[in-house]
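Asker: I have a structure I would like to understand better, so I am pasting it below and will then ask my questions one at a time.
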Amino acid sequence: MSGRGAAERGAAVAASAGARRAWRVFAVNPGSTSTKVALFEGEEELFKENIAHGRDELAAFDTIEDQVPYREEFVRRALAERGVELSSIDAFVGRGGSSYSMEGGTYVADDLLVRDTLRAAGETVHPANMGPALAKALAEEAGAHAGAFVVSPPVTDEFDDVARVTGIEGVYRHSNLHALNLKETALRHGKLVGPAYAEGNYIVCHLGGGVSVSAHRRGRMVDGNDNSGGDGPFAPTRTGSVAVREVVKLVEGGALNAREVMNRTIRDGGYLDWLGTADAREVEQRVERGDAKAALVQEALFYQIVKEIGAMACALAGRVDAILLGGGLVHSESLVRYVREHCAFIAPIYAYPGEFEMEAMAAGATRILDGEEQPRRYSGRPVWSGFSFADNSREEGV
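Residue numbers (numbering that gives the first Met the number 0): 0 to 397.
Now the structure itself:
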């Protein structure tokens, strides 16, 4: 069923019933060595599973696209083991991947979006690129009533133009953040506390294996750090911002080549490089035992996070309704306390430990089925591809 058809059907059912129906929504999130799945009925989670895949089995596939039927079989098996018929599900949501950029929202997982995501049009090869394809395949078998969607993928781009500019013409800052969890955290806070996401100004942080700190103005994510590109605070496995001169010295001196620099940037940096572990709980335990090196590195991470929060406050001209902290690191009381001590003068601070990715995917589809939003269509073109300036110069006479 088309996304628009699903929305129209949902609105009609809600209107005739006089209340919202508890829609059944299935979310699927492919990762490097596992596929997370969850089935929701309304706001109730019926089940959640992290399906593990053997590295040797995955190594047999040449491309991520080749893995789709393999992953799909495991997902079907998980549903069958619980006696869940595909036809009983109203919508399927796949984790978004690296298509061309788009604005935030819920998109129909159509052929164009599936194709561009599988071929990594956004230039990031990741297992999440299978998400739209899996959602579409499952929905097609479920029947004409079922919709297939993607919600606020990592390539979500709503940046202000001024936030894109660097000191090198033709080199731009990119929106590459944990958009799904960032937006869901703000949406939930808006409903619980207010103002509504579309009406408020928020600084929203995802603090986990990667760190995203973002500025949201009236429902748009207008600035933030490129967390997988080496921008902003370092993280348990990422380097964060490092002076270009220092990186050039490492390469010219033979310590690292270009590929090793990228691996250090997104996979082997941060806590892992300094302390040999990416487990923030272990780092905290070392600090409690009096490990001076662990204490310095942990405080440096906290310090860089609050500096980035301050930068986002300036991006919002100081008009901030709340600072929202989400992600696994927020389970640390010492981190939350540090942020409160350094940033409470900006705005009230709220902690939402953990991630809402599966819930966010289901919520996006539910808003479509309830008729609260209209499904969006992927255009096959990036939302931004460069600046165009009128030539205002005058030719001077000789």
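Even glycine gets a Cβ: it sits at the ideal position worked out from N, Cα and C.
Give me the Cα-Cα distance between A136 and R20, rounded to the nearest whole angstrom.
Answerer: Walking along the sequence shown from the start, residue 136 turns up at place 137. Walking along the sequence shown from the start, residue 20 turns up at place 21. Whole-angstrom Cα-Cα distance: 25 Å.
Asker: CB F46 to CB A364, shorter than 8 Å?
Answerer: Taking the first residue of the sequence shown as 1, we reach residue 46 at position 47. Taking the first residue of the sequence shown as 1, we reach residue 364 at position 365. No. Outside cutoff.
Asker: Out of A178, H144, S87 and E168, point me to the one whose CA is closest to F158's CA.
Answerer: Looking up residue 158 in the sequence shown gives position 159. F158 has its Cα closest to that of A178, out of A178, H144, S87 and E168.
Asker: So, is the C-beta of R54 closer than 8 Å to a C-beta in chain B?
Answerer: Although the question refers to chain B, the structure presented lacks it and comprises just one protein chain.
Asker: So the candidates are A350, F344, V286 and I345; which of them puts its Cα closest to the Cα of V335?
Answerer: Position 336 of the sequence shown, counted from the start, is the residue given in the question as residue 335. Of A350, F344, V286 and I345, the residue nearest in Cα terms is A350.
Asker: Starting from A51, follow the alpha helix (DSSP H) in both directions and report where the run begins and ends.
Answerer: What you label residue 51 is simply residue 52 of the sequence shown in a count that begins at 1. Unbroken run through A51 is the beta strand (DSSP E), E43 to A51; no alpha helix (DSSP H).
Asker: Do the region 229–242 and the region 214–221 meet, that is, are 3 or more Cβ pairs less than 8 Å apart?
Answerer: Taking 8 Å as the limit for Cβ pairs, the verdict is that the region 214–221 does not touch the region 229–242.
Asker: Just to confirm my understanding: we take T184, look at its own chain, exclude 5 residues before and 5 after, and list those with CB closer than 6 Å. What are they?
Answerer: Stepping through the sequence shown from its first residue, residue 184 is reached at position 185. Result list for T184: V203, L323, G325 and Y351, in chain order.
Asker: What is the DSSP secondary structure of Y302, counted as helix, strand or coil?
Answerer: Translated into the one-based positions of the sequence shown, residue 302 becomes position 303. Helix at Y302.
Asker: Look at the Cβ atom of V92, then the Cβ atom of V164, and state whether they are nearer than 8 Å.
Answerer: If you number the sequence shown from 1, residue 92 lands on position 93. If you number the sequence shown from 1, residue 164 lands on position 165. No.
Asker: With a threshold of 7 Å on Cβ separation, who are the neighbours of R266 within its own chain once the five nearest residues in sequence on each side are excluded?
Answerer: The sequence position of residue 266 within the sequence shown is 267, counting from 1. So the list reads T236, once near-sequence residues are dropped.
Asker: For R23, which three-state DSSP category applies?
Answerer: Counted from its first residue, the sequence shown places residue 23 at position 24. In the structure shown, R23 sits in a strand (DSSP, three-state: E or B).
Asker: Counting C-beta neighbours from all protein chains within 10 Å, is the total for E354 16 or more, i.e. buried, or is it exposed?
Answerer: Reading the sequence shown from its first residue, position 355 is the one you call residue 354. It is buried - the Cβ of E354 has at least 16 other Cβ atoms within 10 Å.
Asker: Cβ of V286 within 8 Å of Cβ of Q297?
Answerer: If you number the sequence shown from 1, residue 286 lands on position 287. If you number the sequence shown from 1, residue 297 lands on position 298. Yes, Cβ-Cβ distance for V286 and Q297 is below 8 Å.
Asker: In whole angstroms, what separates the C-alpha of R187 from that of G193?
Answerer: The residue you call residue 187 lines up with position 188 of the sequence shown. The residue you call residue 193 lines up with position 194 of the sequence shown. R187 and G193: Cα-Cα distance of roughly 9 Å.
Asker: Please list the terminal residues of the continuous alpha helix (DSSP H) segment that includes I367.
Answerer: Stepping through the sequence shown from its first residue, residue 367 is reached at position 368. Its alpha helix (DSSP H) spans residues E356 to L368.
Asker: In whole angstroms, what separates the C-alpha of S384 from that of G121?
Answerer: Along the sequence shown, one-based indexing puts residue 384 at 385. Along the sequence shown, one-based indexing puts residue 121 at 122. Those two C-alpha atoms are separated by around 12 Å.
Asker: Any chance you could list the beta strand (DSSP E) runs of at least 3 consecutive residues sitting entirely within the region 211–236, in chain order?
Answerer: Whole beta strand (DSSP E) segments, 3+ residues: 219–223.
Asker: Got a sec? Which residues, its chain only, sit under 7 Å from V67 by beta carbon, not counting five neighbours each side?
Answerer: The residue labelled residue 67 in the question sits at position 68 within the sequence shown. Excluding positions up to five away in sequence, the list reads M129, A132 and L133.
Asker: Which of the three DSSP states, helix, strand or coil, is assigned to V164?
Answerer: Counting from 1 along the sequence shown, the entry for residue 164 is found at position 165. Strand at V164.
Asker: Does DSSP put S33 in a helix, a strand or coil?
Answerer: Looking up residue 33 in the sequence shown gives position 34. Strand.
Asker: Measuring CA to CA, which of N200, P152 and F25 is closest to H125?
Answerer: By one-based count along the sequence shown, residue 125 stands at place 126. Looking at the Cα atoms, P152 is the closest of the given residues.
Asker: Output needed for R366: all residues of its chain with C-beta closer than 8 Å, excluding positions within five of it in sequence on either side, in chain order.
Answerer: Taking the first residue of the sequence shown as position 1, residue 366 is located at position 367. Taken in chain order, the residues that qualify are T105 and E372.
Asker: CA-CA distance, V319 and R339?
Answerer: Along the sequence shown, read from residue 1 onward, the residue named residue 319 stands at position 320. Along the sequence shown, read from residue 1 onward, the residue named residue 339 stands at position 340. C-alpha separation (whole angstroms): 15 Å.
Asker: With distances taken between CB atoms, is the gap from A361 to A108 smaller than 8 Å?
Answerer: Within the sequence shown, the letter at position 362 stands for residue 361. Within the sequence shown, the letter at position 109 stands for residue 108. It is not a contact, given that the beta carbons lie outside the stated cut-off.
Asker: Spell out the partners DSSP gives H205 in its beta bridges.
Answerer: The count along the sequence shown starts at 1 and reaches residue 205 at position 206. S211 and G325, per the DSSP bridge assignment.
Asker: Where does G146 fall in DSSP's three states?
Answerer: Taking the first residue of the sequence shown as 1, we reach residue 146 at position 147. Correct three-state label for G146: strand.
Asker: Round the Cβ separation of L117 and I63 to the nearest angstrom and send it over; I've been treating them as touching at under 8 Å.
Answerer: Your numbering for residue 117 matches position 118 in the sequence shown. Your numbering for residue 63 matches position 64 in the sequence shown. About 7 Å separates the two Cβ atoms, so the contact holds.
Asker: Kindly list the residues whose CB is nearer than 6 Å to the CB of F60, restricted to its own chain and excluding five residues on each side of it in sequence; keep chain order.
Answerer: Taking the sequence shown and counting its residues from 1, one reaches residue 60 at position 61. Contacts found: Q66.
Asker: Just mark N256 as buried or exposed, buried being the case when its beta carbon has 16 or more other beta carbons within 10 Å.
Answerer: For this step, residue 256 is matched to residue 257 along the sequence shown. Answer is exposed; the Cβ neighbour count stays below 16.
Asker: Going by Cα to Cα distance, which pick from A119, I348, G30 and A314 is closest to V329?
Answerer: If you number the sequence shown from 1, residue 329 lands on position 330. With distances taken between Cα atoms, V329 lies closest to I348.
Asker: Would you tell me roughly how many angstroms separate the C-alpha atoms of N262 and D225, rounded to the nearest one?
Answerer: Position 263 of the sequence shown, counting from 1, holds the residue named residue 262. Position 226 of the sequence shown, counting from 1, holds the residue named residue 225. Answer to the nearest angstrom: the Cα atoms are 15 Å apart.
Asker: For a test of the three-state rule: what should DSSP assign to A277, helix, strand or coil?
Answerer: Here residue 277 refers to the residue found at position 278 of the sequence shown. In the structure shown, A277 sits in coil (DSSP, three-state: anything other than H, G, I, E or B).
Asker: Report the rounded CA-to-CA distance for M357 versus I50, giving the unit in angstroms.
Answerer: Here residue 357 corresponds to residue number 358 of the sequence shown, with the count starting at 1. Here residue 50 corresponds to residue number 51 of the sequence shown, with the count starting at 1. When rounded, the distance between both Cα atoms is 14 Å.
Asker: Which value, in whole angstroms, describes the spacing of the CA atoms of A14 and S387?
Answerer: Taking the first residue of the sequence shown as position 1, residue 14 is located at position 15. Taking the first residue of the sequence shown as position 1, residue 387 is located at position 388. Interpretation of A14 is limited by its pLDDT of 39, a score under 50 that renders its predicted location unreliable; the figure taken from the coordinates is listed afterwards. Cα to Cα, A14 sits roughly 46 Å from S387.
Asker: Output yes or no for whether 8 Å exceeds the beta carbon distance between E407 and P374.
Answerer: Only positions 0 to 397 of the chain appear in the structure, and residue 407 is not among them; the question remains open.
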